[in-house]
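Report on the following structure.
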Amino acid sequence: MKVINTKILSSFALVVIISSCSNSSMNSIRYPFPQPVSMPLPFMPGIVSSSGLDFNSAFSPDGKSFYFGRSENGKWIMYVTTFDGENWTKPVHPSFNDTAYSEADPAFAPDGTLYYISTKSRNSADTIKDYDIWFVKPLAGNQWTVPENMSVVNSDSNELYISFAANDNLYFSSSRQGGFGQDDIYVCKYAGGKYSAPQNLGVAINSPGSDHDPLISKDEDFLVFSSVDRKDGYGQADLYFSRKNQQNRWLPSVNLGEKFNTPTYEYCSYLSRDNQYFFYSTNSDVKWIKAKYLFEEMKKKTKSKKKQQ
């Protein structure tokens, strides 16, 4: 999630798993009611969407747990609600969540490893208070390994919001030096059991402003992200998308339009691994909508863009 000052937070609301799963696993998510169709609805009112500021969306690989973030006492805190066979439970802090720090943006990798961001120091010599990417691996009994810092990705600036392709390529946003704007979107490619150094996605995606919260598709053929104060925007931050051309290069990004964007702030995009629902955060809530309306909107906007060229 983009780091925003508290003055802005008071005026508006503030990955992604995209993994290959078996059909039986894909059908295991017990979506709550009411379920949206063509218009976005708050997700799990009273459990996820509350009277406070709620954001992030990440189902566990088995579909039985849902992880999200909440703003409390000036910090970001992670929560998880679990389906107990009949209902989604009251949310609690996951065992690895250190509430002494600001932690958020949970995202599952294809192998079930859970990644998130934290202001926790890497070590005793680390005195820079920025967001780094950390990860934990699942153990038996709903337990997790000791959190580890993902040093290959992290810099002395903020790293935020993780999203995975099916091939384990990791997308995230960062305010590190050398970018095109305040925050840029990067990819670390996975090969030979390790990640490459971060690569900037370039000017087709990144603007002079803040571009963040990437959602990458399983096949890396489209990207949805948030961008702040663009000329064609509807509000403070809008959802944009980009597709790849035949040369495997990102096309110039396009605003998703008023079906998703409002005069406030849209961010934290997430697509359920069964491609049934699209989640994002706006107006202090996590909202969801049938994913086919996201795909239809991207198709329509792409055709319109081609006609203008």
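Be aware that the sequence shown starts at 64, since it is given in the numbering used here, and climbs by one per residue. Backbone N, C-alpha and C define an ideal beta-carbon position, used for all residues, glycine too.
Residue j beta carbon less than 9 Å from that of residue i
i	j	result
residue 272	residue 239	no
residue 168	residue 116	no
residue 201	residue 176	yes
residue 375	residue 138	Beyond the ends of the chain as shown, which are 64 and 372, falls residue 375; an answer cannot be given.
residue 221	residue 247	no
residue 144	residue 166	no
residue 91	residue 125	yes
residue 280	residue 233	no
residue 349	residue 340	no
residue 120	residue 106	yes
residue 359	residue 323	no
residue 285	residue 227	no
residue 346	residue 327	yes
residue 134	residue 159	no
residue 164	residue 154	no
Span of the beta strand (DSSP E) around residue i
i	result
residue 223	222-227
residue 361	Per DSSP, residue 361 belongs to no beta strand (DSSP E); it is in the alpha helix (DSSP H), 354-371.
residue 197	195-199
residue 132	128-135
residue 306	300-306
residue 233	233-237
residue 277	274-279
residue 333	330-334
residue 314	That residue, residue 314, is in no beta strand (DSSP E); it is neither H nor E in DSSP.
residue 100	Here residue 100 belongs to no beta strand (DSSP E), and DSSP marks it neither H nor E.
residue 260	Run containing residue 260: none; DSSP gives neither H nor E here.
residue 110	Element bounds for residue 110: n/a, residue is neither H nor E.
Anticipated Cβ contact below 8 Å, residue i with residue j, distance rounded
i	j	result
residue 129	residue 100	Their Cβ separation, rounded to whole angstroms, is 20 Å, which puts residue 129 and residue 100 out of contact at 8 Å.
residue 237	residue 259	Wrong, their Cβ atoms sit about 15 Å apart, outside the cutoff.
residue 230	residue 253	6 Å
residue 264	residue 313	6 Å
residue 329	residue 302	5 Å
residue 97	residue 151	Contact doesn't hold; Cβ gap of about 13 Å is too wide.
For residue i, three-class secondary structure by DSSP
i	result
residue 205	helix
residue 141	strand
residue 253	strand
residue 163	coil
residue 105	strand
residue 266	coil
residue 170	strand
residue 288	strand
residue 183	coil
residue 191	coil
residue 318	strand
residue 117	strand
residue 344	strand
residue 84	With a pLDDT of 39 at residue 84, under the threshold of 50, the modelled position of this residue cannot be trusted; read the value that follows with caution. The answer is coil: DSSP assigns residue 84 none of H, G, I, E or B.
residue 215	coil
residue 323	coil
residue 350	strand
residue 248	strand
residue 297	coil
residue 146	strand
residue 243	coil
residue 177	strand
Problem - Three or more C-beta pairs below 8 Å linking the region 191-207 and the region 349-363 - result: no
Practice task
For the region 314-326 and the region 282-297, state whether three or more C-beta atom pairs, one from each stretch, are separated by less than 8 Å.
Solution key: yes
Exercise for the section: Count the C-beta pairs between the region 241-248 and the region 204-217 that are closer than 8 Å, then say yes if the count reaches three, no if not. Expected result: no
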